[in-house]
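A.B. asks: Mind looking over this structure? Questions follow.
Numbering (our numbering), first residue to last: 658 to 1125.
Okay, structure coming up:
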């Protein structure tokens, strides 16, 4: 529990508030106790000073008589006790009306005797099982001799009871505060913990392959945004899973077709007598063509694997971009003729050199032109144009094929994505092309209109030659 959010809240938040409340209760209790006791002390001191001024000029012979008259008329008998002590330290009269008890210990009187310069003593403690406060003042005559003392004593138990009630009230207030803090905190923590538990459960379901699992957004806060993000993640994972399955199915089909052709012609050539030359030549042509097709598929998969793991290596050198474009067109021109499609290329006289890997750039051209041939119908036209300015060279490859629907266009460069599932291909060709262009600091842009055609623009930065 201490490792959970609830435990951390109890320690870090509720624990701090509890400590603050306890501290405030203790401080206020001490302040209140000091305030009450100090008020009682000041009252006793006022009484002592008042009586000292009245009987301070008495001699020893008249001190008892004068003090006795004051005690008999003492008006606060109900709240405090007043004692008259003679010069010998004996209690001669008290305001209670009972005979004086000279066996009672009087620490304050002893303090006053020892402080001859002040003649004042104060004591607070337990006497006869009662909490009391007492002050004693030594009375001196005009000659400076002690003629006796007056002592005021008051019970602190009424004050203690009042202080106790106030402390209990403060504790009750503190506990109420803690209760409401605990109640509101528990509601707040629960509003966080419960959604997190749901997020944890749904995340486990998603991790186990249930991409249909969704979270309900209950609040418009960070947790609500997290729920939306996890729902979006589950949706995207579901799409990726479907694309991956389609990719596996497509690649399996792509591999099966040439393997079936190779196996079929190999078995045909092996059956019976030695086949005639034309059959042998046709069979070998099919086997070679389909083997090259297999090699291309495998190379494409290997390139994609290198891209995913960040291991694709680009050997940069100064190259002639037109030479690589010519090679790619030469490799695909015969295919275009066989399929009844027109491959039109107006080669410019010169373009500046670029920095790049000629094998990878030739691969880009082959992939893009291959896609154009794949999605262009018979008698269709594939046009290749080269433009350049001071900074870039653009290779523009356009066709009048089926085009790409607007909803598919933003995703055609994503891995495994195929806008047209009826055509052959693994769905990773454009993802590989896009990565190669990025590694060359270039760009791949695609413009397309459904049933009109597609234009692919490959932009390469021109090599800058610094002047010496």
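A virtual CB, placed ideally from N, CA and C, is assigned to each residue, including glycine. Quick caveat: nothing in here was measured; it's all calculated off a predicted structure.
#1: Are the region 971 to 983 and the region 1057 to 1066 in contact at 8 Å, needing three or more beta carbon pairs?
#2: By the three-class DSSP mapping on this structure, what secondary structure does residue 997 have?
#3: Can you tell me the Cα-Cα spacing of residue 921 and residue 942, whole angstroms?
#4: Could you check if residue 1059 belongs to the surroundings of the ligand COA, using beta carbon to heavy atom distance under 7 Å?
#5: Under 8 Å, do residue 973 and residue 960 count as touching if we go by C-beta distance?
#6: What are the boundary residues of the alpha helix (DSSP H) that includes residue 1126?
#7: Taking the straight line between their C-alpha atoms, what separation do you get for residue 761 and residue 824?
#8: So, residue 1038 versus residue 1093, is the Cβ gap smaller than 8 Å?
#9: Quick check on DSSP: helix, strand or coil for residue 700?
#10: Would you kindly work out how many angstroms separate the C-alpha atoms of residue 695 and residue 702, rounded to a whole number?
#11: Given that a residue counts as buried once 16 or more other Cβ atoms are within 10 Å of its Cβ, and exposed if not, what is residue 803?
#12: Residue 835 to residue 667, Cα distance in whole Å?
#13: Helix, strand or coil for residue 1012 per DSSP?
#14: Does the separation of the CB atoms of residue 765 and residue 808 fall below 8 Å?
#15: Would you give the residue range spanned by the beta strand (DSSP E) that residue 971 belongs to?
#16: Closer than 8 Å is the cut-off here; do at least three beta carbon pairs connect the region 1019 to 1034 with the region 1106 to 1114?
#17: Rounded to whole angstroms, what's the CA-CA distance from residue 1040 to residue 992? Just pull it up for me.
#18: Going by other Cβ atoms of all chains shown within 10 Å of its Cβ, with 16 needed for buried, is residue 1050 buried or exposed?
#19: Rounded to whole angstroms, what's the CA-CA distance from residue 727 to residue 793? Just pull it up for me.
#20: Kindly provide the ranges of any beta strand (DSSP E) runs that are 3 or more residues long and lie completely inside the region 1011 to 1056, ordered along the chain.
#21: Assuming residue 814 contacts residue 787 (C-beta within less than 8 Å), just tell me the rounded distance between them.
#22: Out of 958, 918, 957, point me to the one whose CA is closest to residue 947's CA.
#23: Looking only at C-alpha atoms, which of 801, 985, 1005 sits nearest to residue 1016?
#24: Hey, out of 734, 720, 799, whose CA is closest to residue 741's CA?
#25: Are the CB atoms of residue 842 and residue 868 nearer to each other than 8 Å?
#26: Considering only C-alpha positions, which residue in the set 1096, 810, 889 is nearest to residue 734?
#27: Indicate whether residue 828 and residue 860 have their beta-carbon atoms separated by less than 8 Å.
#28: Excluding the five sequence neighbours on either side, which residues of its own chain have a C-beta within less than 8 Å of the C-beta of residue 866, listed in chain order?
#29: Since residue 1104 sits in a beta bridge, which residues does DSSP pair it with?
C.D. replies: So, from the data block:
#1: no
#2: coil
#3: 13 Å
#4: Absent from the structure shown: the ligand COA. Ligands present: none.
#5: no
#6: This structure cannot settle anything about residue 1126, because the visible part of the chain is limited to 658 through 1125.
#7: 32 Å
#8: no
#9: helix
#10: 10 Å
#11: buried
#12: 12 Å
#13: strand
#14: yes
#15: Premise fails: residue 971 is in no beta strand (DSSP E) and is neither H nor E.
#16: yes
#17: 15 Å
#18: buried
#19: 16 Å
#20: 1011 to 1013, 1038 to 1045, 1049 to 1056
#21: 6 Å
#22: 918
#23: 985
#24: 720
#25: no
#26: 810
#27: no
#28: 898
#29: 1112
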